[in-house]
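The sequence shown begins at 1 in full-length UniProt numbering and counts up by one. Cβ atoms here follow ideal geometry from the backbone N, Cα and C, with glycine treated the same way.
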Amino acid sequence: MTIEMESEQSTTKSIDCRNWRKTLRKHAQQGGICDVADPVSIPYEKVESWLKSYKDWKARLKYVQSELTYIPELTRTLDMVAAHSSRKQETVLRTVIRRIQITEHEIPLLLSRIGLIDYALTALTSEEGLFVRLRYFDNLASSEAMSRLALSRRAYFYHRKRILRKIYMKIKDRTVLLDLESSQAD
C-alpha cells in the first residue's frame with residue numbers, strides 16, 4: 001500500500017465515523033454547542049455565582065440610583081456647612097465623594113453586569129429561562145426546582161450543565177466585566 005493510500009484511508013476513517021451525522025445534528029440543535037465540538041472549559045461555579053448575584057446587582061442598582069436623588073440637597077448643605085464648621089464639612093465631603101464614586105464607577109459597573117446577564121439569557125429557550133429563574137433568581141433549592149420542573153435528578157443536572165454552557169458561550173469574551181470588583185462588596 002502506498003503512503004498516499006494510507007493517508008487517504010486514515011482521513012476517511014477520521015471523517016467517516018459511524019455517528020458523525022448524529023453528532024453534527026446534535027451540535028446544530030444545541031445552537032452549535034456540543035461536548036465533542038467545543039473543547040472550551042466552562043467555569044460552571046462561576047456562571048452560577050453570576051446568576052445568583054444578578055438579583056442583588058439589580059437591587060443594589062436601584063438603591064444607589066435612589067441615593068443619587070439627594071444630590072441637589074447635598075450641594076446646598078455643603079455650601080451652608082462650609083461657612084460654619086470644618087468637622088461637619090468633612091462628613092459632607094465624604095458623602096459627596098461617595099456619590100461621585102457611585103456615579104462614576106458603581107452604577108456603570110452594575111449596568112454592564114446586568115446588561116451582560118440579560119444578553120446571555122437571550123440564548124436560552126423559554127423553558128431554560130424558567131429553569132434559570134427558579135434555580136438562580138428565585139434561589140430555590142435543587143430538589144425544589146427539580147419537582148417544579150418535573151425533572152429527574154439526572155435530567156436536572158444535564159439541563160443545568162447545558163444551560164450554564166449556553167450562557168457562558170454567549171458571553172465568554174466579556175466575562176471580565178462580571179469579575180471586576182466593585183467599590184462595595186457584592
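So, with DSSP's three-state summary, where would you put alanine 120? Against the sequence shown, residue 120 aligns to sequence position 120. In the structure shown, alanine 120 adopts helical secondary structure according to DSSP, grouped into three states.
Could you tell me how far apart the beta carbons of valine 64 and isoleucine 107 are, in whole angstroms, since I believe they sit closer than 8 Å? Locating residue 64 in the sequence shown gives position 64, where the first residue counts as 1. Locating residue 107 in the sequence shown gives position 107, where the first residue counts as 1. At roughly 6 Å, the Cβ-Cβ gap stays under 8 Å, so valine 64 and isoleucine 107 are in contact.
On the CB-based measure, 16 or more other CB atoms within 10 Å of its CB, does isoleucine 117 come out buried or exposed? Working through the sequence shown from its first residue, we reach residue 117 at position 117. When all chains shown are included, isoleucine 117 counts as buried.
Given a threshold of 16 other Cβ atoms within 10 Å of its Cβ, counted over all protein chains shown, does lysine 161 qualify as buried or as exposed? Here residue 161 is taken as the residue at index 161 of the sequence shown, counted from 1. Exposed, since its Cβ has fewer than 16 Cβ neighbours within 10 Å.
Taking DSSP as the reference, what is the three-state secondary structure of leucine 109? Counting from one through the sequence shown, the residue named residue 109 turns up at place 109. Here leucine 109 sits in helix by DSSP.
Valine 40, DSSP secondary structure in three states: To locate residue 40, count along the sequence shown from 1; it is residue 40. Three-state DSSP puts valine 40 in coil, outside helix and strand.
Run the CB neighbour count on leucine 111, radius 10 Å, all protein chains shown included, and call it buried at 16 or more, exposed below. If you number the sequence shown from 1, residue 111 lands on position 111. Flag for leucine 111 reads exposed.
State the DSSP-derived secondary structure class of serine 152, mapped to helix, strand or coil. Along the sequence shown, read from residue 1 onward, the residue named residue 152 stands at position 152. Of the three classes helix, strand and coil, the one that applies to serine 152 here is coil, per DSSP.
Rounded C-alpha distance that separates isoleucine 163 from arginine 148: Residue 163 sits at position 163 when you count from the first residue of the sequence shown. Residue 148 sits at position 148 when you count from the first residue of the sequence shown. So the two alpha carbons sit approximately 17 Å from each other.
Have a look at arginine 165 and isoleucine 42 and give me their C-alpha separation to the nearest angstrom. Indexing the sequence shown from 1 puts residue 165 at position 165. Indexing the sequence shown from 1 puts residue 42 at position 42. Counting only the Cα atoms, isoleucine 42 lies some 6 Å from arginine 165.
Which of the three DSSP states is assigned to leucine 140 in this structure? Counted from its first residue, the sequence shown places residue 140 at position 140. Leucine 140: coil per DSSP, three-state reduction.
Give the secondary structure of threonine 125 by DSSP, where H, G and I count as helix, E and B as strand, and everything else as coil. One-based indexing of the sequence shown puts residue 125 at position 125. Looking at threonine 125 - three-state DSSP - the assignment turns out to be coil, as it is neither helix nor strand.
C-alpha gap between isoleucine 167 and alanine 123, whole angstroms: For the purposes of this step, residue 167 is taken as residue 167 along the sequence shown, with counting starting at 1. For the purposes of this step, residue 123 is taken as residue 123 along the sequence shown, with counting starting at 1. Distance between the alpha carbons of isoleucine 167 and alanine 123: 7 Å.
At which residues does the alpha helix (DSSP H) containing leucine 177 begin and terminate? Residue mapping note: residue 177 aligns to position 177 of the sequence shown, counting from 1. 176-179 is the extent of the alpha helix (DSSP H) around leucine 177.
Can you say whether threonine 132 is buried or exposed, counting buried as having 16 or more other CB atoms within 10 angstroms of its CB? Counting from 1 along the sequence shown, the entry for residue 132 is found at position 132. Checking the sequence, you will find valine at residue 132 rather than threonine. When all chains shown are included, valine 132 counts as buried.
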